[in-house]
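In my numbering, the protein residues as written are 4 to 414.
Glycine included, C-beta positions come from ideal geometry on N, C-alpha and C.
Structure first, then comments.
Below, the structure written as structure tokens:
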């Protein structure tokens with residue numbers, strides 16, 4: 004059992020039940036008994052709409068392929084997620100596992116197969132017996148219960164050291180609705196469309212096309228702005244479900260509806276909370292690093308610069324060693340390939356200016372920076388000095404613990 008991350012929240016959040024959603028998490032043997040729960044099932048009310056974003060890996064898992072293929076239908080009644088095995092790079096056998104799981108889940112829930120979503124996370128390339136997951140579902144479905152958030156969050160963990168969940172409320176018109184979700188991820192985190200796995204639910208009534216629009220926009224500002232180790236998973240999936248079983252509210256026609264603005268902000272805040280919990284649980288992490296980039300030629304350029312700094316092993320190990328070696332940040336900015344001018348670059352750490360217009364400030368004293376480096380929350384600000392593009396990205400330090408966890412992963 005891995006030691007709980009020092010960056011973990013103090014407690015699991017209190018989350019009310021979302022109308023139209025039931026959850027259950029159980030141990031079925033995909034992980035060793037000491038590994039905890041490894042199978043999640045969710046049942047969603049009739050009429051639930053769905054949106055999704057997925058990995059851009061050229062080696063996607065069988066569950067990712069299935070979800071992509073059915074997403075255009077826009078409806079969902081069930082979700083089945085296993086941990087302990089990614090069902091990726093498993094050929095036709097992996098497709099068979101998905102097909103059998105979906106067939107049995109659809110029968111138990113009472114819905115078409117194209118309304119059953121699946122996801123898997125764990126070791127890549129190891130086959131699962133074709134009927135193994137499907138055979139466990141009849142014994143699990145009777146345990147479905149509203150509000151079982153912790154069970155659900157625990158059932159999708161792999162090298163995670165704590166279950167990750169969050170909730171928000173928002174008003175659509177004068178009616179309050181709930182948004183809640185859980186996520187997992189600790190290593191192999193450098194999302195290209197999502198993160199390892201994330202599931203978000205609301206009791207609001209929202210068309211699938213609108214859900215897709217706001218999920219994509221929200222993921223771009225949250226999950227797509229985090230990195231632990233620069234490795235994009237084969238299984239990256241975020242799914243967003245709207246049951247429509249909460250309080251009646253004005254109809255949502257477009258993502259730009261005025262009465263929908265508060266909901267969009269709440270979703271972005273929720274996704275950011277979940278995404279940064281993933282970074283807080285980065286394998287071996289001791290420090291959360293927030294990198295703000297400004298003055299880039301575009302938002303896209305700012306994010307690429309920020310992620311290059313965040314992924315630099317030299318930057319991350321310096322932070323782990325509490326070494327105020329800001330020159331490594333200069334190096335990382337310079338190698339991005341994005342527009343940058345050495346003589347306009349300014350850097351600060353912990354709110355203390357270090358460089359300005361391409362040179363170290365005359366009044367720079369390392370003491371305050373060195374003190375800041377001893378903390379758990381490291382702040383880096385980079386001004387490119389060329390435009391108005393801004394981005395915020397999150398990462399963690401790179402420690403001996405990361406090497407140990409990954410060297411021993413299958414041991």
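Check whether residue i and residue j have beta carbons under 8 Å apart
i	j	result
residue 347	residue 389	yes
residue 125	residue 164	no
residue 175	residue 396	no
residue 137	residue 82	no
residue 21	residue 272	no
residue 221	residue 182	no
residue 43	residue 159	yes
residue 27	residue 146	yes
residue 172	residue 64	no
residue 148	residue 25	yes
residue 53	residue 211	yes
residue 288	residue 10	yes
residue 394	residue 302	yes
residue 356	residue 345	no
Three-way DSSP call (helix, strand, coil) for residue i in this model
i	result
residue 216	helix
residue 393	strand
residue 17	coil
residue 243	strand
residue 231	coil
residue 7	coil
residue 201	strand
residue 386	strand
residue 399	strand
residue 206	coil
residue 194	With a pLDDT of only 48 at residue 194, under 50, the local geometry of the prediction cannot be trusted, and no value is derived from it.
Among the options, nearest to residue i - alpha-carbon criterion
i	options	result
residue 55	199, 99 and 307	199
residue 2	168, 275 and 336	Only positions 4 to 414 of the chain appear in the structure, and residue 2 is not among them; the question remains open.
residue 259	214, 349 and 407	214
residue 49	79, 365 and 104	79
residue 359	386, 380 and 374	386
residue 242	263, 156, 122 and 333	122
residue 293	11, 400, 179 and 133	400
residue 2	342, 277, 29 and 310	The requested residue 2 does not occur in the structure, where the chain is confined to residues 4 to 414.
residue 180	266, 202, 99 and 155	266
residue 276	15, 110, 319 and 5	15
residue 415	253, 41 and 140	Limits of the chain in this structure are 4 at one end and 414 at the other, which puts residue 415 out of reach.
residue 120	106, 392, 128 and 129	106
Start and end residues, alpha helix (DSSP H) containing residue i
i	result
residue 179	Note, residue 179: premise wrong, no alpha helix (DSSP H); beta strand (DSSP E) at 178-187.
residue 294	That residue, residue 294, is in no alpha helix (DSSP H); its beta strand (DSSP E) goes 291-299.
residue 2	Nothing can be reported for residue 2, as the shown portion of the chain is limited to 4 through 414.
residue 407	403-410
Residue interval of the beta strand (DSSP E) (run including residue i)
i	result
residue 2	The requested residue 2 is not part of the displayed model; the chain covers only 4 to 414.
Item to check | Completely contained beta strand (DSSP E) runs for the stretch 301-384, where each covers 3 or more residues | outcome: 349-352 and 355-359
Next on the checklist: Report the start-end ranges of each beta strand (DSSP E) in the stretch 114-152 that is 3 residues or longer and not cut off at the edges.
Outcome noted: 119-126
Next on the checklist: Runs of 3 residues minimum, wholly inside the stretch 19-88: which ones carry the beta strand (DSSP E) assignment?
Outcome noted: 24-29, 42-47, 52-57 and 81-88
Checklist entry - In chain order, which continuous runs of the alpha helix (DSSP H) of length 4 or greater are located wholly inside the stretch 257-295? => result 264-283
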